[in-house]
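A.B. asks: This is the structure I want to talk about, given as structure tokens.
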Amino acid sequence: MEHLELSQIFIRILAAVLTGGIIGLEREINNKPAGFITHTLLCVGAAVISIIQVKLSYETINLLINHPALAQGVKLDVGRLIAQVISGVGFLGAGTIIQKKGSIKGITTAATLWLTACLGIAVGLGYFYLALGTAVLMTILVFILKRIELYYIEKRVRHRIVVVYLINENVEKQIKDFLNIRKVKIRGKKPLSEIYNGEETERKTIFNLMVPKFIDFEKMIVEMEKLDSILKIIKM
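Per the UniProt record's numbering, the very first residue in the sequence shown carries number 1; after that it's consecutive.
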């Protein structure tokens, strides 16, 4: 049986980086706890284990071909290392699931981690088209299903605001708590600028919000501006 050449191994590692990166990018864009780097590392790690499994299988088979007398004592389990990857990812996925106030978050991220490990295994075994095709398809599917969930199931409206506030230990927690009480979801935030006036630092941050339709958005903004340390809120 032919051994894997160094060039083949390198190609499989690159394919694993690309495959994990495709899924991780979608998670990163949505500000999930496990993003681009996590998914890429996981996919590469799974691919490396698969490559090791393939090489061990090659070496064991060649050993038995060259030394038939060892056939009774040497056993070949082509899936042992791969099975350990799948079970190990379960612990990693469990770490992304959070239960709080009766709701469970992180299940989708846990599922994408498990899928990424499976695709890394596929790449390591040489199934490039299967892995890359699945990664692209699943990313598109998650994107579409999220839009369906947001606009048709959750009955929420998208809003973007710029919040100008003074940086301190509690201000971001106050904003989160204020929005959580009203069932408003933060779909992303992006700092725009920071200005130090000699005593305090003023920060501008864009918040992407999904606001339930039953919430009076204008009234909510007025109430939010009354929070400590918030200077101004600009609707976009």
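By construction, the Cβ of each residue, glycine as well, lies at the ideal position given by its N, Cα and C atoms.
#1: Within 8 Å (strictly less), CB to CB, does Lys105 reach chain C?
#2: To which residues of the same chain is Met220 closer than 8 Å at the C-beta, ignoring the five residues directly before and after it?
#3: Round the Cβ separation of Lys189 and Phe207 to the nearest angstrom and send it over; I've been treating them as touching at under 8 Å.
#4: Please return the same chain residues whose Cβ sits closer than 8 Å to the Cβ of Leu231, not counting the five positions on each side in sequence.
#5: Rounded to whole angstroms, what is the Cα-Cα separation between Leu81 and Arg12?
#6: Tell me whether the beta-carbon of Gly20 lies closer than 8 Å to the beta-carbon of Arg27.
#7: Please classify Ser50 as buried or exposed, where buried requires at least 16 other C-beta atoms within 10 Å of its C-beta.
#8: Tell me, please, whether the segment 136 to 144 touches the segment 50 to 66 by the rule of three or more beta-carbon pairs shorter than 8 Å.
#9: Can you tell me which residues form a DSSP beta bridge with Asn208?
#10: Taking the alpha-carbon positions, what's the Val85 to Asp77 distance?
#11: Identify which residue in Ile9, Val157, Thr108, Leu14 has its Cα closest to the Cα of Ile186.
#12: With burial defined as no fewer than 16 other Cβ atoms inside 10 Å of the residue's Cβ, what is the status of Ile22: buried or exposed?
#13: Between the C-alpha atoms of residue 268 and Thr96, what's the straight-line distance to the nearest angstrom?
#14: Could you please give the first and the last residue of the uninterrupted beta strand (DSSP E) stretch that includes Leu231?
#15: Quick one: which unbroken alpha helix (DSSP H) runs of 4-plus residues sit fully inside the UniProt domain "MgtC/SapB/SrpB/YhiD N-terminal" (13 to 149)? Chain order, please.
#16: Which value, in whole angstroms, describes the spacing of the CA atoms of Ile9 and Pro33?
#17: Count the other C-beta atoms from every protein chain shown that fall within 10 angstroms of the C-beta of Ala94, then say buried if there are 16 or more, exposed otherwise.
#18: Could you give the distance in angstroms between the alpha-carbon of Ala47 and the alpha-carbon of Pro68?
#19: Using DSSP's beta-bridge definition, name the partner residues of Arg203.
#20: Do you know how far the Cα of Leu192 is from the Cα of Thr205?
#21: Just curious, the alpha helix (DSSP H) that Glu225 is in, first and last residue?
#22: Applying the criterion that 16 or more other CB atoms from any shown protein chain within 10 Å of the CB defines a buried residue, is Val123 buried or exposed?
#23: Have a look at Glu169, Ile234, Gly24, Asn31 and flag the residue whose alpha-carbon is nearest the alpha-carbon of Arg160.
C.D. replies: This is what the structure holds:
#1: Considering every chain present, this structure includes no chain C. It has just one protein chain.
#2: For the purposes of this step, residue 220 is identified with residue 220 of the sequence shown, where counting begins at 1. Arg182, Val184, Val211.
#3: By one-based count along the sequence shown, residue 189 stands at place 189. By one-based count along the sequence shown, residue 207 stands at place 207. Yes, Lys189 and Phe207 are in contact; Cβ-Cβ is about 5 Å, under 8 Å.
#4: By 1-based counting over the sequence shown, the position of residue 231 is 231. Once the five neighbours on either side are set aside, the close Cβ partners of Leu231 are Val164, Tyr165, Leu166, Glu202.
#5: Translated into the one-based positions of the sequence shown, residue 81 becomes position 81. Translated into the one-based positions of the sequence shown, residue 12 becomes position 12. Roughly 17 Å separates the two Cα atoms.
#6: Mapped onto the sequence shown, residue 20 falls at position 20. Mapped onto the sequence shown, residue 27 falls at position 27. No, these two residues do not count as a Cβ contact at 8 Å.
#7: Numbered from 1 along the sequence shown, position 50 holds the residue referred to as residue 50. Buried.
#8: no
#9: Within the sequence shown, the letter at position 208 stands for residue 208. For Asn208, which the question treats as bridged, DSSP gives the partners Arg160, Gly188.
#10: On the sequence shown, position 85 is the one that residue 85 refers to. On the sequence shown, position 77 is the one that residue 77 refers to. Val85 and Asp77: Cα-Cα distance of roughly 15 Å.
#11: Along the sequence shown, one-based indexing puts residue 186 at 186. The shortest Cα separation from Ile186 among Ile9, Val157, Thr108, Leu14 belongs to Val157.
#12: Locating residue 22 in the sequence shown gives position 22, counting from the first residue. Buried: at least 16 other Cβ atoms inside 10 Å.
#13: Lying outside 1 to 236, the shown extent of the chain, residue 268 is not represented and no answer is given.
#14: In the sequence shown, residue 231 corresponds to position 231, counting from 1. Its beta strand (DSSP E) spans residues 230 to 235.
#15: 36 to 66, 80 to 94, 107 to 124, 128 to 148
#16: Locating residue 9 in the sequence shown gives position 9, counting from the first residue. Locating residue 33 in the sequence shown gives position 33, counting from the first residue. So the alpha carbons of these two residues sit roughly 30 Å apart.
#17: Residue numbering aside, residue 94 sits at position 94 when the sequence shown is read from its first letter. So Ala94 ends up on the exposed side.
#18: Position 47 of the sequence shown, counted from the first residue, corresponds to residue 47. Position 68 of the sequence shown, counted from the first residue, corresponds to residue 68. The straight-line gap from Cα to Cα measures roughly 31 Å.
#19: Taking the sequence shown and counting its residues from 1, one reaches residue 203 at position 203. For Arg203, which the question treats as bridged, DSSP gives the partners Tyr165, Glu194.
#20: Locating residue 205 in the sequence shown gives position 205, counting from the first residue. Locating residue 192 in the sequence shown gives position 192, counting from the first residue. Going by the C-alpha atoms only, they are around 5 Å apart.
#21: What you label residue 225 is simply residue 225 of the sequence shown in a count that begins at 1. Segment: none, Glu225 is in no alpha helix (DSSP H) and carries neither H nor E.
#22: On the sequence shown, position 123 is the one that residue 123 refers to. So Val123 counts as buried.
#23: Locating residue 160 in the sequence shown gives position 160, where the first residue counts as 1. Residue Ile234 is the option with its Cα nearest to Arg160.
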